[in-house]
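Numbered per the numbering used here, the sequence shown spans residues 47 to 185.
First comes the structure, then the notes that go with it.
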Amino acid sequence: YKKAVRYDPKNAVAIYNLGVVYLGRNQIFKALRQFNKTLKLQPDNPNALHNLGLIYHNKKKYKKAIHYLLAAAETHPEKAYAIHYLLAKSFKATKRINEAVFHLRKSLEDRADFLPSLFELLKHFQEKESGFRFVKYLR
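Below is the structure:
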């Protein structure tokens, strides 16, 4: 992909794919740079937004993660369940519990069998509310 980017420095697909390669090699700074370049060329690129959100979440920069993940959720409907799950985790980390629960529910609306969201929601109901409300929610 480096050759493709050198040949056409405005090729957003090649730039994004180079970012994915860097991310796979755990070269986070290089991946961030490529995903940001992708967004300069394609501001609504759902995959770049999602990957930036994931990177910032893993770096525990939750406010930045939330920014990118909210944008990704709007532009990436086929992965919305996973994005809403990650949003819930980021909101929970910033002590914004109501927003975390909201995004867990959104995740399950998009894909009812997504186990990570089910388990997080169950944990929430066990910690804060009655298990009965969780069972009622599932119906």
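Virtual Cβ for every residue (Gly too), placed ideally from N, Cα, C.
With 16 other Cβ atoms within 10 Å as the buried cut-off, status of residue i
i: SER129; result: Note on residue identity: the sequence assigns Ile, not Ser, to residue 129. Result: buried.
i: GLU124; result: exposed
i: ASN97; result: buried
i: ILE112; result: buried
i: GLN80; result: buried
i: ASP54; result: exposed
Where residue i sits in the DSSP three-state scheme
i: PRO92; result: helix
i: ARG71; result: coil
i: ASN144; result: helix
i: ASN57; result: coil
i: LYS106; result: coil
Residue i vs residue j beta-carbon contact at 8 Å
i: TYR114; j: TYR102; result: yes
i: ASN93; j: TYR62; result: yes
i: LEU150; j: ALA134; result: yes
i: ALA60; j: LEU87; result: no
i: LEU154; j: PHE148; result: no
Contact belief for residue i with residue j at Cβ below 8 Å, rounded distance in angstroms
i: ASN91; j: LEU100; result: ASN91 to LEU100, Cβ: 14 Å. No contact.
Cutoff 8 Å: residue i Cβ touching any chain B Cβ
i: GLU120; result: Absent here is chain B; the protein component of the structure consists of one chain.
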